[in-house]
Amino acid sequence: MVSSSIFALPSRSTLTSRLSRIPFKPGINLHIQENLKHQSTKLKDINKNCILIFDEMALSAGLRYDKKNDMILGLQKNQNSQTPKFADHALVFMLRGIARSGKQPYAYYYSTQHYSNG
Numbered sequence: 544m545v546s547s548s549i550f551a552l553p554s555r556s557t558l559t560s561r562l563s564r565i566p567f568k569p570g571i572n573l574h575i576q577e578n579l580k581h582q583s584t585k586l587k588d589i590n591k592n593c594i595l596i597f598d599e600m601a602l603s604a605g606l607r608y609d610k611k612n613d614m615i616l617g618l619q620k621n622q623n624s625q626t627p628k629f630a631d632h633a634l635v636f637m638l639r640g641i642a643r644s645g646k647q648p649y650a651y652y653y654s655t656q657h658y659s660n661g
């Protein structure tokens, strides 16, 4: 791997282990929300300006068991439907700085439909 000869990067297992400690379930991530509140106290007012952006990505429909959180992932939660459906899309919301560059994932939701802007 070319990048490993240039940069001292942690192994895949180390990254996976560290990322697994961050709770990120479907919906708004309260852990990130609390961290943003804390971090914003350290920012200048101009750097607190941000926009909420969203994007959609296609997924392979299927189920996955999250052992750590004892959850089955991959179904769309819809209160109007009696039968859960396999999610084949995810709608992701991120905060993006205006005066200061950077993006922060904030929430995601599984869906069974494609959202269009028209």
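Heads up: take any position in the sequence shown, counting from 1, add 543, and you land on the working numbering.
Think of the CB as a built atom: it goes at the ideal place given N, C-alpha and C, for glycine as much as any other residue.
Pick helix, strand or coil for residue i, following the three-state DSSP scheme.
i, result
"S563", "helix"
"L552", "coil"
Give the single residue among the options whose Cα lies nearest to the Cα of residue i.
i, options, result
"G617", "K611, P627, L606, K610", "L606"
"A601", "P553, L634, A642, S583", "L634"
"R639", "N578, K580, L595, I549", "L595"
"Q619", "K611, G570, N590, K580", "G570"
"S603", "L579, H581, F636, D631", "D631"
Express the C-alpha separation of residue j and residue i in angstroms, rounding to a whole number.
i, j, result
"R564", "N572", "13 Å"
"H574", "K628", "28 Å"
"T557", "A551", "13 Å"
"K646", "R561", "20 Å"
"A593", "Q656", "Checking the sequence, you will find Cys at residue 593 rather than Ala. Distance between the alpha carbons of C593 and Q656: 28 Å."
"Y649", "R555", "24 Å"
"E599", "K587", "31 Å"
"Q583", "K568", "The sequence as given places Ser at residue 583; Gln does not occur at that position. Roughly 23 Å between the two C-alpha positions."
"F636", "T559", "22 Å"
"K591", "T626", "42 Å"
"P553", "K580", "29 Å"
"F597", "S644", "16 Å"
Using beta carbons (cut-off 9 Å, strictly below), is residue i in contact with chain C?
i, result
"Y653", "Here there is only one protein chain, and chain C is not present."
On the criterion of 16 or more Cβ atoms from any shown chain inside 10 Å, does residue i qualify as buried, or is it exposed?
i, result
"Y653", "buried"
"Y608", "exposed"
"A642", "exposed"
(request) Note down, one range per segment and in chain order, each alpha helix (DSSP H) of at least 4 residues found wholly within the segment 563-614. (result) Listed in chain order, the alpha helix (DSSP H) runs fully inside the segment 563-614 are 573-583, counting runs of at least 4 residues.
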